[in-house]
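Enquirer: Taken in order, the sequence shown gives residues 1032 to 1161; the numbers are from our numbering. After the structure tokens below, expect a handful of questions from me.
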Amino acid sequence: IELRMFMCRLLQNLRQNGFVFHCSADLSWSNVKDVSTMFVRKVASEITSQFACISLSMSDRLRIIGTSSNDTINAVRMAVDKNWGSHNCRQFVGATELILAGAPWNSHGKSNVIKSRVLLGRVLEAMAAH
């Protein structure tokens, strides 16, 4: 979680200094090393933004990292409850953790796989709106 919090702060600082995240790639071409490269591009003006990220953990956890905005957290909770369902919401090492019904990150069968992807799309929509 701490590394993800760091990445949120890094992206936010880059944005505040006129750079936007473009993409990332693993340029190592090796199974032995995990070397990822992040590409940013300069934009015309500085932009003030807030960044947060989600982490999919175990087979049934969704963590909202890097925000204390109740609006964002509630919007994500509503998206999860509407599109999948959850059992619990708690604070976990500085993040908000939702424990989802079932195991969406370990889905089998076309219907459940599609539902879990729709869930992620709705969560990202909720975050983008806040």
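All C-beta atoms, glycine included, are put in the ideal place defined by N, C-alpha and C.
1. Which one of Asp1112, Val1111, Ser1088, Cys1084 has the shortest CA to CA distance from Ser1100?
2. Between the C-alpha atoms of Arg1108 and Gln1081, what's the straight-line distance to the nearest angstrom?
3. So, helix, strand or coil for Phe1050, using DSSP?
4. Apart from the five residues on each side of it in sequence, which residues of its chain come closer than 7 Å, Cβ to Cβ, to Lys1073?
5. Could you check what DSSP says for Ser1147 in three-state terms: helix, strand or coil?
6. Assign Ala1106 to buried or exposed, taking buried as 16 or more other Cβ atoms, counted over all protein chains shown, within 10 Å of its Cβ.
7. At which residues does the beta strand (DSSP E) containing Ala1126 begin and terminate?
8. May I have the straight-line CA-CA distance separating Leu1045 from Ile1095, to the nearest angstrom?
9. Can you check DSSP and say which residues form a bridge with Ala1119?
10. Would Val1154 and Leu1131 qualify as a contact pair, given that the criterion is a beta-carbon distance under 8 Å?
11. Enumerate in chain order the residues of its own chain whose CB-to-CB distance from Met1138 is below 8 Å, with the five nearest sequence positions on each side excluded.
Expert: So, to answer that:
1. It is Cys1084.
2. 19 Å
3. strand
4. Gly1049, Phe1050
5. Of the three classes helix, strand and coil, the one that applies to Ser1147 here is helix, per DSSP.
6. By the beta-carbon neighbour count (other beta carbons within 10 angstroms, threshold 16), Ala1106 is buried.
7. Element bounds for Ala1126: 1126-1131.
8. 21 Å
9. A small fix is needed here, since residue 1119 is Asn in this sequence, not Ala. According to DSSP, Asn1119 bridges with Ile1130.
10. Going by C-beta atoms, Val1154 is not nearer than 8 Å to Leu1131.
11. What sits at residue 1138 in the sequence shown is Ser, not Met. Around Ser1138: Val1144, Lys1146, Ser1147.
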